[in-house]
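Data first, discussion second: the structure below is written as structure tokens.
Residue numbers (our numbering), protein chains in the order written: chain S, 954 to 1341; chain P, 142 to 350.
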């Protein structure tokens, strides 16, 4: 009930009966201040956080090369890695579910590519496509079990966290008697699909910038004259594509409306004719797809797959999403916010390194920022729904 | 009538045609919409997104179907102002609306999507006086647009405020149907009370029931 209307009740009711409509202005119709209005945008925390983080590191680490071409590439790659998994986690969280198996999925996918492409010697494009198919199928299985049993996705995907990690260690040990499989870069040489994940873009442009002296170049050695940063890695391109795709899907399509509805109130969404189960399972599959993109880019970059890859990534993805303003309970959030959360993540992690701060403090910072973000989000939700 | 329970006897005739509803979707196809006590609304989503939930308008850009936000926003604002609800904007979250306003959004949504018969299951049961009068006003407006309304309530005064024809049901049995003007409020009240005289009770409460 509306507390403020109580004093007017008698008068108001009479007016109401005579005119058959409300004649006093409703206080909820009043224009909200621009500040409050912008507060209910999910990206706000991410935007402020990004600005603050950049200001801090411009003061703290500007002379350490953090903002040279090499430094920028360094934290851009780390941020892009977080972005790729954050997009999937974000859409899934808005649809009302979690996936804790993302980290294990990264290790598992990388290992599959190595086993198919190196140990079995299959062409790299076939290894990658098959890995994608298997991982997306596992994502669908995750979703299917959650929907069918009605169990919280937290538990189901926790089970897969262990199952997939177990296989990631078991498979290479029984097949190759080791936990790291190398030689992927050589196996992917000249492969068209390998290039989609491991190549660099705009190399000519960067050479041109280097020749002009805008970015630094190697001054000696076999690569003298070549720019240190010789292109934009496909990892970053993938991150930007996925963020754009996720954002458009969520805000500009009817399917996006269904994602919000499925997470906001699954029962109400079903009553309105939204195929909630389909939406959720598709989001699990998309999260698995993002994890596999991450894994593929990683093994192409490192040239090897390790059994411990992707450890704790599921939590880092969730933290980036929450910093980006999404509610853990679902139904609210933004892909742009999640991408900014990932950017904050990457800049701080690498920035502390550039600033010479003990890197273990990064985790302290992480915990603090997560706590702050969740408290802010709870406050925002109260603003939107008017709960007290 | 809404298609949840199949009739044991009698027949349902829509536009002169006998119909059999196997499920709620059949009933909706025939233009019979039910607004439940548990509303199909999502508090965290905006009014316009809720209004078109499950029936999103789309437009094609470069062969891809996009959600037509502008159209949805415009239609929502039109429908809402027709019902006398002033929104701050179509992007206002449903969570900020009062219970009565949510009922109104649900009702006007059903009407917008072509409902000819509207079944309202106790829309006023959990509302305050002012909100109740808003919902009753909405029912009146919808009726004037030519939509038949089946209004289920436990409150005589709410029924008398908008009803043309009253049917009292008790455990699936009808206790009688009366036209407006053929029955006094007292008689109707007694009928709803299960035929027992409320006289003694009324005396002690000073006629306020």
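The beta carbon of each residue, even a glycine, is placed where N, CA and C say it ideally should be. Model, not experiment: these values are computed from the prediction.
Hey, residue i and residue j: beta-carbon distance below 9 Å or not?
i	j	result
residue 1304 of chain S	residue 1010 of chain S	yes
residue 1273 of chain S	residue 1042 of chain S	yes
residue 1036 of chain S	residue 1258 of chain S	no
residue 1214 of chain S	residue 1125 of chain S	no
residue 1052 of chain S	residue 1192 of chain S	no
residue 241 of chain P	residue 291 of chain P	no
residue 1199 of chain S	residue 1154 of chain S	no
residue 1330 of chain S	residue 1283 of chain S	no
residue 192 of chain P	residue 217 of chain P	yes
residue 307 of chain P	residue 324 of chain P	yes
residue 1084 of chain S	residue 1107 of chain S	no
residue 1168 of chain S	residue 1021 of chain S	yes
residue 1244 of chain S	residue 1263 of chain S	yes
residue 237 of chain P	residue 1189 of chain S	no
residue 209 of chain P	residue 231 of chain P	no
residue 1294 of chain S	residue 999 of chain S	yes
residue 1100 of chain S	residue 1230 of chain S	yes
residue 1087 of chain S	residue 1113 of chain S	no
residue 1206 of chain S	residue 207 of chain P	yes
residue 1140 of chain S	residue 1187 of chain S	no
residue 1078 of chain S	residue 1146 of chain S	yes
residue 1260 of chain S	residue 1081 of chain S	no
residue 1137 of chain S	residue 1071 of chain S	yes
residue 220 of chain P	residue 252 of chain P	yes
residue 1307 of chain S	residue 1017 of chain S	yes
Pick out whichever of the options has its Cα sitting closest to the Cα of residue i.
i	options	result
residue 1267 of chain S	S:1016, S:1296, S:1012, S:1058	S:1058
residue 1111 of chain S	S:1086, S:1077, S:1050	S:1050
residue 1181 of chain S	S:1199, S:1198, S:1192, S:1157	S:1157
residue 1202 of chain S	S:1020, S:1014, S:1047	S:1047
residue 1249 of chain S	S:1152, S:1231, S:1321	S:1152
residue 294 of chain P	P:256, P:301, P:263	P:263
residue 171 of chain P	P:181, P:186, P:187, P:154	P:154
residue 177 of chain P	P:255, P:324, P:186, P:246	P:246
residue 328 of chain P	P:301, P:313, P:312, P:288	P:301
residue 1217 of chain S	P:167, P:173, P:182	P:182
residue 259 of chain P	P:248, P:265, P:230, P:266	P:248
residue 1109 of chain S	S:1320, S:1098, S:1118	S:1098
residue 312 of chain P	P:326, P:333, P:321	P:333
residue 1212 of chain S	S:1119, S:1239, S:1054	S:1239
residue 272 of chain P	P:314, P:305, P:226	P:226
residue 254 of chain P	P:173, P:159, P:149	P:173
residue 1324 of chain S	S:1094, S:1280, S:1288	S:1280
residue 1166 of chain S	S:994, S:1179, S:1254	S:1179
residue 185 of chain P	S:1311, S:1312, S:1286, S:1071	S:1286
residue 1271 of chain S	S:1045, S:1105, S:1210	S:1045
residue 1001 of chain S	S:1317, S:1276, S:1312	S:1276
residue 415 of chain P	P:287, P:239, P:257, P:288	In the structure as shown, chain P begins at 142 and stops at 350. Residue 415 of chain P is therefore absent and cannot be evaluated.
residue 1004 of chain S	S:1315, S:1297, S:1019	S:1297
residue 1309 of chain S	S:994, S:1019, S:995, S:997	S:1019
residue 268 of chain P	P:296, P:257, P:289	P:296
residue 189 of chain P	P:316, P:284, P:159, P:222	P:222
What does residue i touch in chain S if you count any residue whose Cβ is under 8 Å from its own?
i	result
residue 183 of chain P	1213, 1214, 1217, 1218, 1221, 1222, 1284
Output, in chain order, the set of chain P residues within a Cβ distance shorter than 9 Å of residue i.
i	result
residue 1337 of chain S	184, 185, 234, 236, 237
List, in chain order, every chain S residue whose beta-carbon is nearer than 7 Å to that of residue i.
i	result
residue 195 of chain P	1225, 1226, 1227
residue 208 of chain P	1205, 1206, 1207, 1209, 1210
Just to make sure I have the definition right: I need the residues of chain S whose C-beta is within less than 9 Å of the C-beta of residue i. Which are they?
i	result
residue 355 of chain P	As displayed, chain P neither begins before 142 nor continues past 350, which places residue 355 of chain P out of reach and without an answer.
residue 199 of chain P	1206, 1207
Tell me, to the nearest whole angstrom, how far the beta carbon of residue i is from that of residue j; I am working on the premise that it is less than 8 Å.
i	j	result
residue 1237 of chain S	residue 1096 of chain S	3 Å
residue 243 of chain P	residue 235 of chain P	6 Å
residue 1252 of chain S	residue 1196 of chain S	Contact flag wrong, Cβ pair sits at about 22 Å.
residue 1093 of chain S	residue 1234 of chain S	6 Å
residue 1056 of chain S	residue 1265 of chain S	6 Å
Using 9 Å as the limit for Cβ to Cβ distance, is residue i near chain C?
i	result
residue 253 of chain P	The question asks about chain C, but that chain is absent: this structure's protein chains are S and P.
Less than 8 Å between the CB of residue i and some heavy atom of the ligand SAM, yes or no?
i	result
residue 323 of chain P	The ligand SAM is not part of this structure, which contains no ligands at all.
Please determine if the segment 1300 to 1314 of chain S and the segment 1001 to 1017 of chain S are in contact, where contact requires at least 3 C-beta pairs separated by less than 8 Å.
The answer is yes - the segment 1001 to 1017 of chain S touches the segment 1300 to 1314 of chain S, with three or more Cβ pairs under 8 Å.
Just checking, does the segment 1024 to 1039 of chain S make contact with the segment 1319 to 1333 of chain S on the three C-beta pairs under 8 Å criterion?
Counting Cβ pairs under 8 Å, fewer than three are found: no touch.
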